[in-house]
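Residues 1 to 167 in full-length UniProt numbering are what the sequence shown spells out, letter by letter. One structure is given below, encoded as structure tokens.
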Amino acid sequence: MPTPAFSIQPLEPGDYPAVRELSRSLGRCSAPERFAPGGCLLAAPSENGRLVGWAKAQWWDPQDPVAPAGYYLGGVEVDRRWRRRGVAAALGLARLRWVAQRADAAWCVVNTRNSASLALQRCLGFTVRARGASFGTVEFTGGAGLLLCRPLEDFAPRDGADNDEQK
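As structure tokens, then:
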């Protein structure tokens, strides 16, 4: 049986109930109405319109001596039944393209215990820049997190329209 298709599109306010439902099904409590405005919010609906994943990226200044201000890939959640089908990777690539229009590098922080997220970030080309118990306001369960960076020079050139209002 062929794998059903999904698409990547902007996350709209009408998608928020589906995001909350998906998040609850994963034992989490994402609240999309509280996401920072002006960031990259993406939805991954299946061909029948059901939300199977979502992700975000946004400008973040952690006020941290190690982690720089920049565009960070934030949350990504994928329905358990849709894992290992490329949803998270497609959402990651779409976010990297979005960041590449605004900056020369993308950043993220990941708990060292989150092997799935670390594998995804490695697949997307991120490398470790630092290890710590926290970066900015993010503290890690188990006391260890990684600051990861992905230079974006291999993406389409920036259009020169820096998004300074988010800095």
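For every residue, glycine included, the Cβ atom is placed at its ideal position computed from N, Cα and C.
Check                                                                                                                                                  : Outcome
Would the region 114-123 and the region 94-105 be scored as touching if the rule is three or more Cβ pairs under 8 Å?                                  : no
Leaving out five residues before and five after residue 113 in sequence, what residues of the same chain have Cβ atoms less than 6 Å from its Cβ?      : 142
Please determine if the region 36-51 and the region 122-142 are in contact, where contact requires at least 3 C-beta pairs separated by less than 8 Å. : no
Could you give the DSSP three-state label for residue 105: helix, strand or coil?                                                                      : strand
Below 8 Å on the Cβ atoms is my guess for residue 145 versus residue 136; work out the distance and round it to an integer in Å.                       : Not confirmed; about 11 Å, so no contact.
How big is the Cα-Cα spacing for residue 110 and residue 66?                                                                                           : 15 Å
Express the C-alpha separation of residue 53 and residue 129 in angstroms, rounding to a whole number.                                                 : 28 Å
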